[in-house]
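Numbering (my numbering), first residue to last: 1 to 344. Note that beta-carbon positions come from the ideal geometry of N, C-alpha and C, so glycine has one too. On a predicted model such as this, the values are computed, not experimentally measured, just so you know.
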């Protein structure tokens, strides 16, 4: 642990992790280790062309399945393009910041080398492309329908969430069958939760209903769950994804209240954002022996280590069995609209 913090000014570490703050160094290190495991796992997955995942049918003239799959990829890419555009406008198209979002861009198939290589996709890439089509809840969010009672009735709202809950239950049960399933299913669930914050939104709504809170501060919600772009106290601009999915649920009672955005709350949020920034540093910038920490981690750990950590870290603990009331449905709709005011 000491080695991780050796490259960060001591006063900054003290500021982020002062004794009274609800996120401590252990929480931080756990999240860094998880990010390293995620990187190592993704790097270990073999990549193939689209044809590998969608073989041609026996009838050589029947390309319906391949075309369906291609439409799914195009559909997902459309929303990635919108997301990239939204991030660009939010950051004034700063070239340094936008490098972090280049992964959203479609591969340029106009280049001869790209046409020869084709799409290089892993099984996890395929999952991420397909989930918008396969999970109604994701499609309903990115199309801004779930937040509207006129577009999705309360009955349909519950059905959509039930479908999603059953999907998570299947992931949980399936993950117990093998190490490979534990890794894949954990990453699949994590991907959905950090991108769309479904459990976080439900947990916030549940807390608000129980404590008669009518409105959650939009700045607080976005600081806890959405991509961040900010000027760090370290004196450098930072941008990236906000993925502490366990901590943000645990912090709901500390951050969601009837009071407006107070000076104390501003300090709490600032600390949280700086801690997310530290994770960005260790995930992308910190070098060990001329390389990155995450690459050193990949070389010196294996699947057994990753699974052992995930069993203890237990990402699935952030999932909740849902209990719906009309009030809670209304709060969830409002929270989705606050957090995602633009179409993805």
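Contact check, residue i vs residue j, beta carbons under 8 Å
i: residue 318; j: residue 246; result: yes
i: residue 213; j: residue 139; result: no
i: residue 174; j: residue 181; result: yes
i: residue 274; j: residue 232; result: yes
i: residue 136; j: residue 160; result: yes
i: residue 16; j: residue 278; result: yes
Counted within 10 angstroms of its Cβ, other Cβ atoms place residue i as buried (16 or more) or exposed
i: residue 20; result: exposed
i: residue 243; result: buried
i: residue 347; result: Because the chain is modelled from 1 through 344, residue 347 falls outside the range shown and cannot be assessed.
i: residue 344; result: Unreliable placement is indicated for residue 344, whose pLDDT of 44 sits below 50; the coordinate value is still reported in the next sentence. Classification of residue 344: buried, given that the 10 Å Cβ count is 16 or more.
i: residue 306; result: buried
i: residue 166; result: exposed
i: residue 44; result: exposed
i: residue 185; result: buried
i: residue 300; result: exposed
i: residue 326; result: exposed
Where the beta strand (DSSP E) through residue i begins and ends
i: residue 231; result: 228–231
i: residue 263; result: That residue, residue 263, is in no beta strand (DSSP E); its alpha helix (DSSP H) goes 263–284.
i: residue 238; result: 237–240
Inter-residue CB distance, residue i and residue j (contact presumed, cutoff 8 Å)
i: residue 205; j: residue 328; result: 5 Å
i: residue 179; j: residue 303; result: 6 Å
i: residue 269; j: residue 208; result: With a Cβ gap of about 18 Å, residue 269 and residue 208 do not count as contacting.
i: residue 147; j: residue 266; result: The pair is not a contact, with the Cβ atoms about 27 Å apart (cut-off 8 Å).
i: residue 320; j: residue 199; result: 6 Å
Run of the alpha helix (DSSP H) containing residue i, from where it starts to where it stops
i: residue 182; result: 179–196
i: residue 253; result: 252–255
i: residue 320; result: Premise fails: residue 320 is in no alpha helix (DSSP H) and is neither H nor E.
i: residue 23; result: Element bounds for residue 23: n/a, residue is neither H nor E.
i: residue 12; result: 10–16
Euclidean distance between Cα positions of residue i and residue j
i: residue 28; j: residue 195; result: 20 Å
i: residue 197; j: residue 240; result: 16 Å
i: residue 332; j: residue 294; result: 36 Å
i: residue 254; j: residue 292; result: 34 Å
i: residue 309; j: residue 227; result: 25 Å
i: residue 18; j: residue 10; result: 12 Å
i: residue 47; j: residue 88; result: 29 Å
i: residue 176; j: residue 225; result: 28 Å
i: residue 34; j: residue 124; result: 17 Å
i: residue 151; j: residue 41; result: 39 Å
i: residue 85; j: residue 190; result: 24 Å
i: residue 81; j: residue 145; result: 19 Å
i: residue 134; j: residue 193; result: 16 Å
Chain E contact for residue i (CB, 8 Å cutoff)
i: residue 238; result: Protein chains in the displayed structure number just one, and chain E is not present.
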